[in-house]
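First residue of the sequence shown? That's -9 in this note's numbering, and the numbers climb one at a time after it. C-beta atoms are modelled at their ideal positions from N, C-alpha and C, and glycine is treated no differently. First up is the structure itself, then whatever we jot down about it.
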Amino acid sequence: MKKISLIVPVFNEEDAIPLFYQAIRSDEFLSKMNIEIMFVNDGSTDATEDIARQIISNDNRIVLVNLSRNFGKEKALFAGLCTVDADFIVPIDVDLQDPIELIEVMFDMLLDGSFDIILAKRSDRSSDSFLKRKTAELFYKTHNKLSDVKLEANVGDFRIMRKQVVQSITKMSESQLFMKGIFSWVGFRAGIVEYKRCSRVAGNSKFNSWKLWNLAVEGITSFSIAPLKVWIYLGAAISLFSFLYAANLIISKLFFGNPVAGYPSIMVAILFLGGIQLIGIGVLGEYLGRCYMESKQRPKFIIRNIIRNQDEKNDASK
-9 MKKISLIVPV
1 FNEEDAIPLF
11 YQAIRSDEFL
21 SKMNIEIMFV
31 NDGSTDATED
41 IARQIISNDN
51 RIVLVNLSRN
61 FGKEKALFAG
71 LCTVDADFIV
81 PIDVDLQDPI
91 ELIEVMFDML
101 LDGSFDIILA
111 KRSDRSSDSF
121 LKRKTAELFY
131 KTHNKLSDVK
141 LEANVGDFRI
151 MRKQVVQSIT
161 KMSESQLFMK
171 GIFSWVGFRA
181 GIVEYKRCSR
191 VAGNSKFNSW
201 KLWNLAVEGI
211 TSFSIAPLKV
221 WIYLGAAISL
231 FSFLYAANLI
241 ISKLFFGNPV
251 AGYPSIMVAI
261 LFLGGIQLIG
271 IGVLGEYLGR
281 CYMESKQRPK
291 FIIRNIIRNQ
301 DEKNDASK
């Protein structure tokens, strides 16, 4: 029987893991399939690892991948994709905002042979705050205007992929990862299933506003150099405006005798240009910093150990 592997990044999710596992056990479709549940522990400091080990000792379908520290969700997900060996792979969050029962629908669509990936698209995000919904909408629009790699709006990591797709993804060598962009960049034939996003079953989201902002910057700078190019056009526009303004001052003085404005106008111009230059330097620095980080060629993640059912039985017998 073909094997389905669920990749589940976790960071301090001691409350959510038992509920997630129970939902998997209760799902009629998954109970009949050859499945693997791979928890990728991203350096949790609570009882996440202990709870996962308890589950593993009673279920040989569970695998725990412990990273050496907290590398972030994107790299934890990538670590799972690099470690997994299955015919079909499903990245999914542990908070059950993505419904388990949708996996059967996606799997059936994939099996008809016309798709390599089935994306789960959020048709209803009422469980998210108004601000989060609007900023997400703005991000997708901005990214798709600036980048050649188009992102499907309101599609997260939740999807099902054939093994060939995952093998292509794991060949990506960059250390700065934006998984939504990487998923789109590799291409392949994709279908879409819409669903209503639920609220978290336990705990709080580990993605605060600052992390979401950094992820958005990562997404745009990883797949577009438009933020660099825009300064060429902005500089040309400011130069043209300055030339026209200077010509206007000369004509006003020579032909109409109008006095030229003094220090206030000069200060405004200096502050405006100074602000524009600092923003431009910041954008340049963002790209330069990424080049510097990539040049180090550090590993994306480090795996401390991988725990399977047999390992837990051996530990218990000692």
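- Leaving aside the five residues that flank E91 on each side, the residues in its chain whose CB is nearer than 8 Å to its CB run, in chain order, D17, F19.
- Taking the CA atoms as reference points, R123 sits about 17 Å from K170.
- About 27 Å separates the CB atoms of T38 and E94; that is not less than 8 Å, and the two are not in contact.
- For L141, the three-state secondary structure derived from DSSP is coil.
- Taking the CA atoms as reference points, S165 sits about 45 Å from I256.
- Taking a contact as a CB-CB distance under 8 Å, the pair A42 and L57 does not count as one, their CB atoms being some 13 Å apart.
- The beta carbon of K(-7) sits closer than 6 Å to the beta carbons of N24, A76, D77 from its chain, once the five residues preceding and following it are set aside; these are given in chain order.
- When secondary structure is reduced to three states using DSSP, L20 falls in the helix class.
- At the C-beta level, E142 and L109 come within 7 Å of one another.
- Here the stretch 180 to 187 lies against the stretch 98 to 107, with 3 or more beta-carbon pairs under 8 Å apart.
- A distance of 7 Å or more separates the beta carbons of A66 and D98.
- Selection T35, Q44, R149, N50 evaluated against R298 yields N50 as nearest (Cα-Cα).
- Counting of Cβ neighbours within 10 angstroms places S21 among the exposed residues, the total staying below 16.
- Restricting attention to N2, T160, S(-5), the CA atom closest to the CA of I14 is found in S(-5).
- Closest in C-alpha terms to G225, from the list F148, G265, K286, comes G265.
- Nearest neighbour of I79 by Cα position, chosen from R149, L167, L218, F262, turns out to be R149.
- For E39, there is no enclosing beta strand (DSSP E); the residue is part of the alpha helix (DSSP H) that begins and ends at 38 to 46.
- Nearest C-alpha to F262 among F231, N238, F291, V273: F231.
- The beta carbons of L71 and I172 sit no closer together than 7 Å.
- The Cβ atoms of I82 and I52 lie no closer than 7 Å to each other.
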